[in-house]
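Visitor: In my numbering, the protein residues as written are 2 to 213.
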Ligand code: URA
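1) Report whether the distance from the Cβ of residue 187 to the nearest heavy atom of ligand 1 is below 7 Å.
2) For ligand 1, I want to know if residue 144 counts as a neighbour, meaning its beta carbon is within less than 7 Å of at least one of the ligand's heavy atoms.
3) Kindly examine ligand 1 and report whether one of its heavy atoms sits closer than 7 Å to the Cβ of residue 135.
4) Is residue 204 buried or exposed, if buried means 16 or more other CB atoms sit within 10 Å of its CB?
5) So, for residue 44: in the same chain, excluding its five sequence neighbours on each side, which residues have a beta-carbon less than 7 Å away from its beta-carbon?
6) Express the C-alpha separation of residue 14 and residue 23 in angstroms, rounding to a whole number.
7) Quick check: does the Cβ of residue 114 come within less than 7 Å of any heavy atom belonging to ligand 1?
8) Do residue 96 and residue 71 have their beta-carbon atoms positioned less than 8 Å apart in this structure?
9) Is residue 145 closer than 8 Å to residue 49 when the C-beta atoms are compared?
10) Looking at the structure shown, is residue 71 part of a helix, part of a strand, or coil, going by DSSP?
11) Go ahead and pull the three-state DSSP assignment for residue 66.
12) So what's residue 120 in DSSP terms, helix, strand or just coil?
13) Might you give, ordered along the chain, the residues of its own chain that have their beta carbon closer than 8 Å to the beta carbon of residue 3, omitting 5 neighbours on each side?
14) With a threshold of 16 other CB atoms inside 10 Å of the CB of residue 62, please say whether the residue is buried or exposed.
15) Please report the distance separating the alpha-carbon of residue 175 from that of residue 168.
16) CB-CB under 7 Å to residue 121, same chain, minus the five flanking residues each way: which ones, in chain order?
17) Going along the chain, which residues of its own chain have a beta-carbon closer than 6 Å to the beta-carbon of residue 85, five neighbours each way excluded?
Structure (structure tokens):
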């Protein structure tokens, strides 16, 4: 797995406000969108393209356009939904599939409770959105799910990661025949005993949408 930390002062600045406990939900949602748009720029560096012939007002030329099949963006419900708008702003022609994964707060294991995805993902590049890579369970399960349906290139986009989560993801994806890239805003210090990233930003879903 290729891990890419998007080092940029604007990303660090927005992340700092996102982490701040005084930041309210509307601001948190706006910052998340802005951050994802910046991360999406990095994450789509290897998006597949094909030549595209056009005429400018001056002469014919050949540029490029996104290849078909178009990329699939998959937010992991619920917190990944907060990242969708920022991602499709850069990739407006992408299709969107949904995957509902939740972790059991006692065992910290991920379970699938919803799925709205094309059955056949053969030859598809997929962008999985999940703000927090904590234990790695949800992301590993989501990636495996997409690969089982034929996806052949996966990029996971996260706001924050715990080192333990990256290691666990690497272990769980060992032997996978499909290239996986992880693009993140920062790698934090550690996971605490409750599975929260430290210093982190708390529960991303709650901060986006409130405690329900
Ligand atoms: N999920 C979150 O929302 N926050 C964490 O710190 C870890 C997992």
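Where is the CB? At the ideal position from N, CA and C, for every residue including glycine.
Keep in mind that this is a model prediction, so the values were computed, not measured.
Guide: Checking against the coordinates, here is how it stands:
1) The count along the chain shown starts at 1 and reaches residue 187 at position 186. No, ligand 1 has no heavy atom inside 7 Å of this Cβ.
2) Residue numbering aside, residue 144 sits at position 143 when the chain shown is read from its first letter. For ligand 1, not one heavy atom lies less than 7 Å from the Cβ of residue 144.
3) Translated into positions along the chain shown, residue 135 becomes position 134. It does: the Cβ of residue 135 is within 7 Å (strictly closer) of some heavy atom of ligand 1.
4) By one-based count along the chain shown, residue 204 stands at place 203. The residue in question, residue 204, is exposed, as its Cβ has fewer than 16 Cβ neighbours within 10 Å.
5) Numbered from 1 along the chain shown, position 43 holds the residue referred to as residue 44. Answer for residue 44: 128, 156, 158 and 184, listed in chain order.
6) The residue you call residue 23 lines up with position 22 of the chain shown. The residue you call residue 14 lines up with position 13 of the chain shown. Rounded to whole angstroms, residue 23 to residue 14 spans 15 Å at the Cα level.
7) Position 113 of the chain shown, counted from the start, is the residue given in the question as residue 114. Checking the Cβ of residue 114 against ligand 1 gives no.
8) Reading the chain shown from its first residue, position 70 is the one you call residue 71. Reading the chain shown from its first residue, position 95 is the one you call residue 96. In this structure, residue 96 lies closer than 8 Å to residue 71 by Cβ.
9) Here residue 49 refers to the residue found at position 48 of the chain shown. Here residue 145 refers to the residue found at position 144 of the chain shown. Here residue 49 is not near residue 145, since their CB atoms are 8 Å or more apart.
10) Here residue 71 is taken as the residue at index 70 of the chain shown, counted from 1. In the structure shown, residue 71 sits in coil (DSSP, three-state: anything other than H, G, I, E or B).
11) Start at 1 with the first residue of the chain shown, and residue 66 comes out as number 65. Correct three-state label for residue 66: strand.
12) On the chain shown, residue 120 is found 119 positions in, with the first residue counted as 1. Three-state DSSP puts residue 120 in coil, outside helix and strand.
13) Residue mapping note: residue 3 aligns to position 2 of the chain shown, counting from 1. Excluding sequence neighbours, residue 3 sits near 180, 181, 182 and 183.
14) On the chain shown, residue 62 is found 61 positions in, with the first residue counted as 1. The residue in question, residue 62, is exposed, as its Cβ has fewer than 16 Cβ neighbours within 10 Å.
15) Residue mapping note: residue 175 aligns to position 174 of the chain shown, counting from 1. Residue mapping note: residue 168 aligns to position 167 of the chain shown, counting from 1. So the two alpha carbons sit approximately 11 Å from each other.
16) The count along the chain shown starts at 1 and reaches residue 121 at position 120. 150 and 151.
17) On the chain shown, position 84 is the one that residue 85 refers to. Closer than 6 Å at Cβ, skipping near neighbours: 76.
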